[in-house]
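This report refers to the structure that appears directly beneath it.
Number of protein chains: 2
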Amino acid sequence: MKNTRMKMARIEKGMKQEDLAKKVGVTRQTIGLIEAGDYNPTLNLCIAICKALGKTLNDLFWEEVNEKGKNSR
Amino acid sequence: MKNTRMKMARIEKGMKQEDLAKKVGVTRQTIGLIEAGDYNPTLNLCIAICKALGKTLNDLFWEEVNEKGKNSR
DNA sequence: ACGAAATGCAATATATAATTTGCATTATGT
DNA sequence: ACATAATGCAAATTATATATTGCATTTCGT
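So the protein lines, in turn, are chains V and H.
Quick note on this note's numbering: the first sequence kicks off at 20 and runs consecutively.
Quick note on this note's numbering: the second sequence kicks off at 20 and runs consecutively.
Here it is as C-alpha cells:
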C-alpha cells in the first residue's frame, strides 16, 4: 500500500533513497521496496528509518488505512 | 531489551502468550521471544499485535530507550 | 530535446525471522 | 506440598526479509 508518508519525510530531508539506505545500513532497493509498499520490513529497520528522518513509528508506519477511496469522513 | 510494555498490555487483556499468538497468527514461542527482547519482529506482526492489544506502535515498540539506568531525568 | 541522476524492476543468493518439537522451569490455585 | 497451567529455553527446519547485480524507466536541470 505505498508508503507515501515515508517518501515525503525523506524528500523533506533532501535525501535520495540511496542516502537514506546508507544512513540506516541497508540497500537502496530495500528502501525502494518499502516506499513502493506491500513489503514487510523489520522493526529495527523501521526504527532506524524513523530516527534517520526525525519521525516516530506512528508517523510513518501506523494505520496506512486508506484502502482505495474509503475512510474519508 | 525486554519488551515489558507489551507483556503488561497482554496481561491487562487477560491473555496468555498462547492466546495472543493464536490471535495474531504466530506461535507461542515467537510471542515469548519478542517479550524476552533482543528479537527483531516484522512490522506486520508488530501491527497485528498492537491491534490485538488495543495499542499503537509507539505505545509498544517506540523508544525502549532505557539502557541501564540512564535517561531518568 | 538532451544527458545524467534518481528510481523502478526482476532474478538469484544470503541472512535471519518464524516454526516445530521437546523438555525444563517458574508461577498459581487447592 | 502437590498438581497443573504458563512460560522459558534450545536445536533443527522452513519461510521470508535483505543483498547483489544488471538493466529499464522516469525525473529534473540546462
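Note that CB positions come from ideal geometry on N, CA and C, so glycine has one too.
For residue i, which residues from the same chain have a beta carbon less than 7 Å from its beta carbon, with the 5 sequence-adjacent residues on both sides left out?
i       : result
V:Lys42 : Ala71
V:Met11 : The structure shown does not extend to residue 11 of chain V, since chain V is modelled only from 20 through 92, so no value can be given for it.
H:Val45 : Leu64
Determine the contact status of residue i and residue j, defining contact as a CB-CB distance below 8 Å.
i       : j       : result
V:Leu79 : V:Ile66 : no
H:Ile53 : H:Asn77 : no
V:Glu37 : V:Arg47 : yes
H:Ile50 : H:Leu39 : yes
Going by C-alpha distance, which of the options is nearest residue i?
i       : options                               : result
H:Asp57 : V:Asp57, V:Thr61, V:Gly56 and V:Ala55 : V:Thr61
V:Lys32 : V:Gly73, V:Gly44 and V:Trp81          : V:Gly73
Which residues does DSSP list as the beta-bridge partners of residue i?
i       : result
V:Thr61 : H:Thr61
Who are the near neighbours of residue i in its chain, counting only those whose CB is closer than 8 Å to its CB and skipping five residues on each side?
i       : result
V:Thr75 : Cys69
With a CB to CB cut of under 6 Å and the five nearest residues on each side skipped, what residues in its chain are close to residue i?
i       : result
H:Ala35 : As written in the sequence, residue 35 of chain H is Lys, which differs from the Ala given in the question. Excluding positions up to five away in sequence, the list is empty.
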